[in-house]
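To start, the structure under review is shown below, and the notes come after it.
There are 4 protein chains.
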Amino acid sequence: MIGHGFMGAAHSQGWRVAPRFFDLPARPEMTLLVGRNAGRTEAAAQKWGWEQTETDWRGAIARDDVDVIDIVTPGASHAEIAIAALEAGKHVLCEKPLANSLEEAEAMTAAAEGAVGSAMVGFTYRRVPAAAFARDLVQSGAVGEIRQVRAVYLQDWLVDPEAPLTWRLQKDLAGSGALGDLGAHAVDLAQFITGQKITAVSGTLNTFVHERPLLGHGSGLAGTATAERGTVTVDDLALFNSRFDGGAVGSFEATRMSTGRKNALRIEVAGSRGTISFDLEKMNSLGFYDATAPATRQGFTDIMVTEPEHPYISAWWPAGHMLGYEHGFSHQVKDFVEAISEGRQPEPSFADGLQVQRVLGGVERSASHESIWTGTES
Amino acid sequence: MIGHGFMGAAHSQGWRVAPRFFDLPARPEMTLLVGRNAGRTEAAAQKWGWEQTETDWRGAIARDDVDVIDIVTPGASHAEIAIAALEAGKHVLCEKPLANSLEEAEAMTAAAEGAVGSAMVGFTYRRVPAAAFARDLVQSGAVGEIRQVRAVYLQDWLVDPEAPLTWRLQKDLAGSGALGDLGAHAVDLAQFITGQKITAVSGTLNTFVHERPLLGHGSGLAGTATAERGTVTVDDLALFNSRFDGGAVGSFEATRMSTGRKNALRIEVAGSRGTISFDLEKMNSLGFYDATAPATRQGFTDIMVTEPEHPYISAWWPAGHMLGYEHGFSHQVKDFVEAISEGRQPEPSFADGLQVQRVLGGVERSASHESIWTGTES
Amino acid sequence: MIGHGFMGAAHSQGWRVAPRFFDLPARPEMTLLVGRNAGRTEAAAQKWGWEQTETDWRGAIARDDVDVIDIVTPGASHAEIAIAALEAGKHVLCEKPLANSLEEAEAMTAAAEGAVGSAMVGFTYRRVPAAAFARDLVQSGAVGEIRQVRAVYLQDWLVDPEAPLTWRLQKDLAGSGALGDLGAHAVDLAQFITGQKITAVSGTLNTFVHERPLLGHGSGLAGTATAERGTVTVDDLALFNSRFDGGAVGSFEATRMSTGRKNALRIEVAGSRGTISFDLEKMNSLGFYDATAPATRQGFTDIMVTEPEHPYISAWWPAGHMLGYEHGFSHQVKDFVEAISEGRQPEPSFADGLQVQRVLGGVERSASHESIWTGTES
Amino acid sequence: MIGHGFMGAAHSQGWRVAPRFFDLPARPEMTLLVGRNAGRTEAAAQKWGWEQTETDWRGAIARDDVDVIDIVTPGASHAEIAIAALEAGKHVLCEKPLANSLEEAEAMTAAAEGAVGSAMVGFTYRRVPAAAFARDLVQSGAVGEIRQVRAVYLQDWLVDPEAPLTWRLQKDLAGSGALGDLGAHAVDLAQFITGQKITAVSGTLNTFVHERPLLGHGSGLAGTATAERGTVTVDDLALFNSRFDGGAVGSFEATRMSTGRKNALRIEVAGSRGTISFDLEKMNSLGFYDATAPATRQGFTDIMVTEPEHPYISAWWPAGHMLGYEHGFSHQVKDFVEAISEGRQPEPSFADGLQVQRVLGGVERSASHESIWTGTES
């Protein structure tokens, strides 16, 4: 595994726990953790249970006893590492967003398509049982012809103007702001659940807080703010409408400045026969409205997605016993390991990741045309 | 009162009930009901308690014993009636939308500004206690600097492609579809609660069902569908983003084809200090997130807006006893009668209604530019 | 109508509004309001729209132009008035609880059974559409064999120990405290929805605040507290378990001291095939769990009980437009007038009211045996 | 660890994961798994990550390299194992209920009090962050003087009369039915949150399904039903009221036959200043009503208990990222290991477990007196 921030902790938990609950065709070994700073990498390896450490990712890729490379670094380094790993014949799991630029994402996808190893991008929320079940419901026809998609991903950890200027607020490191960080999840999940691809977008980006305190050292979330200020070069809010190839029309919002919303990835899909409503803050349930039920009994059903018949659940606890955030990472390991063992392309593929990048790129191009706004004075 | 459809029933209930619960400075008398069809008008008058009937609205306006004209006809006739009534010195309450065209709305506003009578437009949802209280919270500073506005108005009575082609689906009679019918409410309420005006919009309109059965006779909601089909000339879905003059950025959706949503007028206003969340389907409560509370105690508070200290409530029942849809019409009568008696301009004024029309007009102009959409292929 | 407190306002609204929305077989006239204090009765008549007033209820009963007597006085006077009215051949609607003592309730029931007029007791919550629909669901077999009933009626207007000692806190006037005031509703509604009668109970009564300020004058809710204190002689909390004649087992709680609960009459009925969940604070919807649905789609459905196919709804507004507290009183008028016109016994009858009194009496007898409590030390 | 059923899986996950997220003063080693059947124990050890296996628990206790004994067998064997382990100087973690009889529980408590090792009983739900935070709120005075406690623990896996007769339905193995299985959790959690002890109870036990299919072999949940039937000797429903030593009055219900409720452990604590509402099916949040807030802003606040300031949370993920069922077992390991290292008595102690048993015993004694029921006929 290359990188060991917040995502590294989550991925480590996935590698450790998945084999305990799922009968995997191969048993993962947590061999090597790579980070630039030797001391911090060693501490992370101790904490998260990796056997060895290294400071150069090229060294990891060169090793024969490493079959899988798990990339959890910031997006700016994804392309170089992933392409090298694929060229070395490794299987690659790469955190989202696939890359910070379309060019990089295209290169990665090309590398994946010619590679012997498998390549998967880490849109983990597809592995939340309720989200996977939402897709099942759509595929079963329970929603009918999809008309509207409403997707938001709202957090609030940047509401305070004094929250520091981390790498996530710098365009050269993060590529974009809420758009790439949160919007990417919303786009992928909306496409996953509906089974439709977005073909056109129209949107706007907005920055509410233009200057924030610089970090004293490091660029992690945990850094300390200083008196000096720097410029926020990414969006605080992305708002875009979209057309899907199956005829659906959708609205999207992504922001890390929505007071009171902590991790509200919400997708509502309304169709001719029914509607589904997913909310990551209520991740163990799914709302479903069945318009084919008798008129007096229609309503949104709050389905607790914890039955053994629901996706991934039979490996865990009895009905009504909740799963949490990190379970998705175990599911990701399961799906990835199974695909590798069976020689199948794991999903979401790098091509899927690239397609999401293209949607986000379309939003950025659209947002740069101020002409789309029409004044309300006649 | 001129007109006697669904809105006529609601307004009648307002005129009848308001004086029983509120101490009004003048007691309204339900003198005269006007409708084109003598028989149906007579039946409506019997049912809703109007003393006399007439088939010509000009006759009503000419009467000396009529002080107030309440217009609940379709939008196409609003301008002519309202202007004539104002010129005759009457007080005018006009249902929303103010008119079907900007030109008409401007003429009505001009007439209102020079009139001796008062003129009010019927955005009744301002009178839902929870909505009025939401505005109070914003004005008190509880939300801080507003950043995001999310407004949707979702219904589902047109989901079925076999639902007939009523006047509400014909552009020449209705002006627009969900945009004017529902979007007007959302825009007015969002501006009312935030205290900010929308200055620019960018949007799209979509029609999902292009042909529907013609009605056999009449154009009411209750007409019978025939085998013949006609063309839907209005939008089924309006989706638009907006900028407010106070710096807020908002998203709007209006549709009558969202399966499972019956009357979901939802407005969320997120600011630097708090967030409020209103939902007409839960009209007796308001969500409020107070970001100034201690960190461990923050959360959305479900405020039951039924305390005597809340707007309009002290006239009704003890705490916890719910109000319904038609109470807003009693509140409208109260506010209108009080404004007339005190010689104040009632709110929302015709100018407020015109401003909403301008926003909707902006959406239509924006939606006509297909260039706003950006393809997602690079 | 005899009496004009809070209940008088609600009943007046029922008499006034019901004929506007329902096609009644007879049109009620609001002829006469009776109250002991001439001035206050005259004011109430003006406010609520009664044509004449009287200070002696016997005079009202003696009048030939009065066909119906509506009794909304405190429970202590119900028996005398109702029996006299029935003996005079009037139809009688009597607010709950039927009486303050079993003896009175039995006498009233005997009088009703021999009378030419109809007699109904005012358990209005049966007329909340969602409650009536809950009964329909049970009768249709959707819940199967009922096993558990959970019923609470929680309010909080007595939480403050300084809330004054109104007649509702005095045993000689009110009969009991939360038990009769709120528990009566819970018992009636539970029996109504389940279609089963309670045959045995085991319970306890508790008083948390033993002394409260005396009222300066009058005994209404609106009286002013003084420095002097009096003894609370009724229960603040009634807690009892019950057995139903159809095999169900139930738990009940009634209290006016449950902080944060304003009008929480909640009934949950769990059976072999399904469960229904009613909450008066969300009175326009009903929870329903259908255990016969496919395993992956089971969950509590939040049925918005506002469809024209639901009880009482077709007379009112389109789907999704909410009804409030007082609509139940219009429904009560409708059902009462229809039963009278058709010569049917209206429900709930005095016998139903008596049966509720017997249940409450059983709770009081049970609560007086301290032996029911078992210490937890071995 | 002795035993390896459902609880063994949960405890194993606790031992494995806790040291990765918490900085423990000692690192647990998963040395030895004990089960009667060698093959099944070996398979469980492989699956859950235990190094060695043994079929005789006495052998485990005899080993010098074992410091801690974790007992997850059915209740009938708890006393013998726990006492032997304590006598051998081990630290003991024993799943709830402490024992199947009061005598055993008393002997265990006596053994614990004289032991050098620490003894803890596994009421894991105390370690759900929202439950621990509920206790903090009560202790801070936010609820004021507690008046009512409402506690239910509802599941539905025995609704089907064809669900087989496992050991959990046999009195000699399980001690009691829903009372001990679920009621024990409700009692412990209610006492934990309120900080009050139950001193008297009055209750009833009911069995709805008296015969169920016998299991073909084994007695696990996973056994296969046969055509033969056996008698259910435990309760399907326990319903009891209670008095607490601090003046609170409480109602309790425990059942595994409440259709639609999967794991609904709900505790509501209402006091003079506020109310808290916990629901294990919404385990990441806590309802809190603050009656000291301004009147217009009161309401139940849905506190997402995922902030770093909340109990246990700082070790896990950012705000809004959910924890699940098994996290409580990591918290239990943390608290147990810390108490051992610091030489403190861990909580809940065996004495706490004994006190819960006494409450349950009181319910059983109370339920055996049919005189507690009062007929409703006068």
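Chains as they are written, first to last, in the numbering used here: chain A, 157 to 534; chain W, 157 to 534; chain S, 157 to 534; chain C, 157 to 534. Just so you know, even glycine gets a beta-carbon here, dropped at the ideal spot from N, CA and C. A quick note: this is a predicted structure, and the numbers were derived from the prediction, not measured.
Output yes if chain S places a C-beta closer than 8 Å to the C-beta of residue i; else output no.
i	result
Arg-429(A)	no
Glu-269(C)	no
Leu-338(C)	no
Glu-465(A)	yes
Ala-447(A)	no
Out of the options, which has the shortest C-alpha to C-alpha gap to residue i?
i	options	result
Leu-552(W)	Pro-230(W), Val-515(W), Val-222(W), Lys-252(W)	This structure leaves residue 552(W) out entirely; chain W is present only between 157 and 534.
Ala-330(C)	Val-272(C), His-234(C), Phe-506(C), Gln-347(C)	His-234(C)
Ser-497(A)	His-247(A), Ala-200(A), Leu-442(A)	His-247(A)
Gly-297(S)	Ala-426(S), His-341(S), Met-460(S)	Ala-426(S)
Val-299(C)	Val-315(S), Ala-404(S), Gly-406(S)	Val-315(S)
Checking the sheet assignment: what are the DSSP bridge partners for residue i?
i	result
Phe-456(C)	Asp-458(W), Tyr-445(C)
Phe-408(C)	Ala-307(C), Phe-396(C)
Asn-440(S)	According to DSSP, Asn-440(S) bridges with nothing at all.
Ile-132(S)	Given a span of 157 to 534 for chain S in the structure shown, any question on residue 132(S) remains unanswerable.
Ala-381(C)	Leu-371(C)
Leu-421(W)	Tyr-309(W)
Leu-361(C)	Ala-394(C)
Under 8 Å, Cβ to Cβ, is there at least one residue of chain A near residue i?
i	result
Tyr-481(C)	yes
Thr-280(C)	no
Phe-289(S)	yes
Phe-456(S)	yes
Gln-304(W)	yes
Phe-434(W)	no
Where does residue i sit, in a helix, a strand or coil, going by DSSP?
i	result
Leu-516(A)	helix
Phe-279(W)	coil
Asp-435(W)	strand
Val-190(S)	strand
Gly-430(C)	strand
Pro-369(C)	strand
Asn-208(A)	It should be noted that the sequence gives Gln, not Asn, for residue 208(A). Correct three-state label for Gln-208(A): strand.
Gly-386(W)	strand
Ala-166(S)	helix
Ala-495(W)	helix
Leu-180(W)	coil
Ala-255(A)	coil
Gly-480(C)	coil
Met-264(C)	helix
Would residue i pass as an interface residue toward chain C - the criterion being a Cβ-Cβ separation below 8 Å?
i	result
Phe-444(W)	yes
Asn-419(A)	yes
Ile-459(W)	yes
Ala-507(W)	no
Is there a Cβ from chain W that is less than 8 Å from the Cβ of residue i?
i	result
Gly-416(A)	yes
Thr-382(A)	no
Check your understanding: If you scan the segment 218 to 253 of chain A from start to end, which runs of the alpha helix (DSSP H) of 4 or more residues do you find wholly inside it?
Key -> 234 to 243
Exercise for review: With a floor of 3 residues, list each beta strand (DSSP E) that falls wholly inside the segment 271 to 347 of chain S, ordered by position along the chain.
Suggested key: 275 to 278, 302 to 310
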